[in-house]
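Remarks on the structure that follows.
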Amino acid sequence: MFNDLLVAVDRGQMSALCLLDLSPAFDAVDHDLLLQLLERQFGLCGTVLQWIRSYLSDRTFLAVYGDVLSFVVYVMCSVLQGSVLGPLFFILYMADRAVKYGVSLHAYADNTQLYLHFRRDEIASSADQLERCVLDIGHWMSANRLKLNADKTELLFASSGHSCAALKGSLPDAEIRC
């Protein structure tokens, strides 16, 4: 992503970068929805999809304190955060959200960044495009047991020092430092 931002500056473009804060992330992945996405969006089927279904199903959780065991709880959603597949499944769960807005998505586990590059004369329309994408992602998250934490979500602009003045003039309410 950093390289993409540098290449954009070299081309004389600016970039808007939105750092999303998600909560809860891994704990809220709906198994049925994930399986549907893997089949419909990514073409997984047959034995592979059955293997993933088996991996996700019949999971339990309990707590141990000293010699005392809690009740067994059956896990109906979530992917294992410490596993190799957990971050991959979460990224695939989120993958198609940004594409329809022409916004690039960079994700590792639940660290998600959206960014797009634009010319100086496209500042306002690009900010609007990114805002629509973030709003759509927020609505999708609400419908799928995830939460976009607006207080911790950040919007940054990257440009050359020469282009920074154009940002200040186009986005007067934003805090812009060159």
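For the sequence shown, position 110 (counting from the first letter as 1) is numbered 102 according to my numbering, and the numbering increases by one without interruption.
Even for Gly, the Cβ is constructed at its ideal location relative to N, Cα and C.
Note that the structure is predicted; figures quoted are calculated from it, not measured.
Anyone know if the C-beta pair for residue i and residue j falls short of 7 Å?
| i | j | result |
| --- | --- | --- |
| Leu26 | Tyr85 | yes |
| Leu54 | Leu138 | no |
| Leu140 | Gly153 | no |
| Leu106 | Leu97 | yes |
Helix, strand or coil for residue i per DSSP?
| i | result |
| --- | --- |
| Met6 | strand |
| Cys170 | Bear in mind that the predicted position of Cys170 carries a pLDDT of just 49, short of 50, making it too unreliable to give a figure here. |
| Cys37 | coil |
| Phe81 | helix |
| Leu27 | helix |
Cα-Cα, which of the options is closest to residue i?
| i | options | result |
| --- | --- | --- |
| Ile83 | Gly94, Ala20 and Val65 | Ala20 |
| Asp143 | Asp(-4), Asn(-5), Cys10 and Leu(-2) | Cys10 |
| Gln5 | Arg112, Gly78, Glu146 and Leu30 | Arg112 |
For the alpha helix (DSSP H) that contains residue i, what are its first and last residues?
| i | result |
| --- | --- |
| Phe110 | Counting along the chain, Phe110 falls outside any alpha helix (DSSP H), though it belongs to the beta strand (DSSP E) covering Asn103 to Phe110. |
| Ser96 | Per DSSP, Ser96 belongs to no alpha helix (DSSP H); it is in the beta strand (DSSP E), Ser96 to Tyr100. |
Residue range of the beta strand (DSSP E) that residue i falls in?
| i | result |
| --- | --- |
| Val126 | Taken as a continuous stretch (DSSP letters only), Val126 belongs to no beta strand (DSSP E), being part of the alpha helix (DSSP H) at Ile115 to Ala135. |
| Tyr183 | It is not possible to answer for residue 183, since the shown part of the chain is limited to -7 through 170. |
| Phe53 | Arg51 to Phe53 |
Examine the ligand SAH and report whether any of its heavy atoms sits within less than 6 Å of the Cβ of residue i.
| i | result |
| --- | --- |
| Met(-7) | The model depicted lacks the ligand SAH and carries no ligand whatsoever. |
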